[in-house]
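Below you'll find the structure, written out as structure tokens, and then a few comments.
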Amino acid sequence: MILFLITQTQMVIPPPVRLPRVTQFLKPYVLKMHFANNYVSAQVFHSPSATVASSASSQEKGLRSTMENARDVQLLPRLARY
């Protein structure tokens with residue numbers, strides 16, 4: 001059991017450490033968007049910790065029921081508010 005826990009913790013790769021001076025001038029949250037022919041997705045990353053803060057996609061069941069057209073490029077403002 002102990003060997004399993006040791007190997008499990010070694011597989012986790014920590015996020016890269018940035019210098020404090022560099023992180024002063026960076027915005028902490030970054031919006032990344034992906035456009036495909038069938039859907040649009042967006043993710044908000046917290047850059048100092050390299051984690052996903054929020055994620056939304058036009059493929060989600062709750063959002064798809066409110067959309068008139070699932071392949072419209074004008075979905076992005078609605079997706080960003082969701």
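Read in the UniProt record's numbering, the sequence shown has 82 at position 82, and its numbers run on one by one without any break. Beta carbons are placed, not taken as given, at the ideal position from N, Cα and C, and that holds for glycine.
Which of helix, strand or coil DSSP assigns to LYS32: strand
Count the other C-beta atoms from every protein chain shown that fall within 10 angstroms of the C-beta of SER49, then say buried if there are 16 or more, exposed otherwise. exposed
Cβ neighbour criterion (16 or more within 10 Å) applied to ALA36: exposed
Near ALA53, which residues of its chain fall below 7 Å by C-beta distance, leaving aside the five closest residues on each side in sequence? TYR29, VAL44, PHE45 and HIS46
Using the Cα positions of SER55 and VAL12, report the straight-line distance between them to the nearest angstrom. 22 Å
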